[in-house]
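Data block below; observations after.
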Amino acid sequence: MITMLKHDVEGILEKADYNYSEYRGCFDIIAKRSEILLLKVLENVDSLQKEQAANMKTLACSLFASPAVVGLHTRKENLYDDIVYDRFDIPTFTPKTLENILVRDNWPLIYRFKGGLFAEVDSEKLREGRKQLGLSQSQLAKKVKITKKSVYEHEKKKMLLHLDTAKRLEKLIGKITSPMSFWETGLPEEKSNPLTRFERDISQDLQRMGFDTDLIHQAPFNIIAKTQKFLVFSDAEENPRQIEKDEDYLMKFSEIVEKPVLVITKERVDIGLPVVDEREIKSMTKRDIIRAVKGW
């Protein structure tokens with residue numbers, strides 16, 4: 219069933235002219251058109267693990283990508299089309315909703331969080347609509363059965379409002395709800411710790427050179443090294459067989475995101491990616507690393 223679901227999602231991406239690649243880990247599909255999407259495809263969206271979500275968010279921050287979970291149901295209920303749900307602060311929705319967004323540019327207006335269904339209100343439309351009716355904030359609040367403070371806050375900035383309240387306001391004022399920009403970048407990064415001594419040592423070597431590093435798990439690489447103008451994904455791996463297994467994933471990932479990948483190993487391996495071993499990296503500088511991957 220999950221294979222069919224992933225096939226459906228990939229069909230939507232093809233229809234929307236995205237280039238994409240699969241990986242089974244913290245994300246299942248990475249896709250790019252003008253923007254980058256990181257998608258986790260799950261029948262039961264409640265099966266998303268907190269660590270998977272944290273790794274998705276770390277990667278999304280580095281790539282300025284948009285993470286999302288695409289699924290069919292929770293443990294208790296089916297997901298409805300054109301409603302955005304939330305799992306660990308990652309937008310979650312059905313394949314049909316994804317298709318409406320990517321293919322038809324039809325963004326959902328309804329958001330499901332703890333506490334019910336919500337809509338985002340356009341503060342300017344709310345304020346102008348109230349003024350056109352000649353109502354004060356207190357008068358409007360009384361008519362739609364909310365507080366004056368709530369009207370004031372929603373006129374000041376975009377905020378989520380309970381859906382039933384939004385509907386009462388729209389009956390009085392007209393269209394004031396708007397799609398929420400839930401795919402904005404800049405998600406807070408959540409730091410991971412190294413799983414092995416080798417990962418820790420390589421991360422420290424890269425930091426010594428002047429790179430900021432993030433550790434990431436359940437991905438084809440495990441270190442993200444970056445400066446203000448440069449980003450490289452490093453696979454610090456001791457097992458040659460694992461490197462060979464991940465080679466195709468790493469190459470396709472690099473092609474899609476248009477960022478270099480550097481493999482750092484215990485011993486030299488012969489693959490189609492830039493490789494340095496742990497002895498070489500001890501004497502390398504930031505410029506050496508950039509030169510090594512730019513020449514690939």
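The opening residue of the sequence shown carries number 219 in the working numbering; numbering runs sequentially from there. Every residue gets a Cβ at the ideal spot worked out from N, C-alpha and C, and that includes glycine.
From the options, pick the residue whose C-alpha is nearest to that of residue i; which is it?
| i | options | result |
| --- | --- | --- |
| Ser472 | Asp340, Leu491, Asp246 | Leu491 |
| Glu261 | Lys294, Asn237, Val369 | Lys294 |
| Leu320 | Thr276, Ile230, Ser396 | Ile230 |
| Pro326 | Asn411, Phe400, Gln350, Thr503 | Phe400 |
| Phe245 | Ala283, Ser252, Asp235 | Ala283 |
| Arg426 | Leu468, Ser410, Met502 | Met502 |
| Thr292 | Thr276, Phe311, Ile248, Leu379 | Phe311 |
| Val287 | Lys470, Leu413, Gly243, Asp423 | Gly243 |
| Tyr241 | Asp300, Met469, Ile301 | Met469 |
| Asp307 | Pro285, Gln460, Leu297, Lys385 | Pro285 |
| Glu496 | Tyr467, Asp466, Glu417 | Glu417 |
| Asn411 | Lys389, Ile434, Gly428, Asp430 | Ile434 |
| Gln436 | Tyr236, Ile247, Glu232 | Ile247 |
| Lys374 | Lys343, Leu353, Lys360 | Lys343 |
| Glu485 | Asp506, Ile461, Ile508 | Ile461 |
Could you have a look at residue i and say whether DSSP puts it in helix, strand or coil?
| i | result |
| --- | --- |
| Arg330 | strand |
| Val475 | helix |
| Ser368 | helix |
| Glu190 | Residue 190 lies beyond the range of the chain shown here (219 to 514); nothing can be said about it. |
| Leu351 | coil |
| Glu346 | helix |
| Lys504 | helix |
| Ser356 | helix |
| Ser265 | helix |
| Leu233 | Leu is not the amino acid found at residue 233; the sequence shown has Lys there. Lys233: helix per DSSP, three-state reduction. |
| Leu491 | coil |
| Glu228 | helix |
| Lys363 | coil |
| Ser239 | strand |
| Glu338 | strand |
Where does residue i land, buried or exposed, given buried means 16+ other C-beta within 10 angstroms?
| i | result |
| --- | --- |
| Glu371 | exposed |
| Met398 | buried |
| Met377 | exposed |
| Gly347 | buried |
| Arg305 | buried |
| Gln357 | exposed |
| Met222 | exposed |
| Asn273 | buried |
| Gln446 | exposed |
| Gln270 | buried |
| Asn440 | buried |
| Lys258 | buried |
| Leu277 | buried |
| Glu455 | buried |
| Phe336 | buried |
| Lys275 | buried |
I believe residue i touches residue j by the beta-carbon criterion, under 8 Å. Please report the beta-carbon distance rounded to the nearest angstrom.
| i | j | result |
| --- | --- | --- |
| Cys448 | Ile442 | In the sequence as presented, Cys is not what sits at residue 448; that position holds Phe. About 11 Å; that fails the 8 Å criterion. |
| Tyr238 | Glu228 | 6 Å |
| Ile328 | Leu379 | 11 Å between Cβ atoms; not a contact. |
| Asp453 | Pro438 | 7 Å |
| Arg386 | Val362 | 4 Å |
Could you tell me if the beta carbon of residue i falls within a distance shorter than 6 Å of some heavy atom in the ligand HEM?
| i | result |
| --- | --- |
| Pro438 | Although the ligand HEM was asked about, the structure shown includes no ligands whatsoever. |
May I have a chain-ordered list of the alpha helix (DSSP H) segments no shorter than 4 residues that lie completely inside the stretch 277-327? 313-320
For the stretch 376-439, which segments carrying the alpha helix (DSSP H) assignment without a break, of at least 4 residues, lie completely within its bounds, in sequence order? 381-391, 415-427
Write down every uninterrupted run of the beta strand (DSSP E) in the stretch 438-466 whose length is 3 residues or greater and which is fully enclosed by it, in chain order. Whole beta strand (DSSP E) segments, 3+ residues: 441-444, 449-455.
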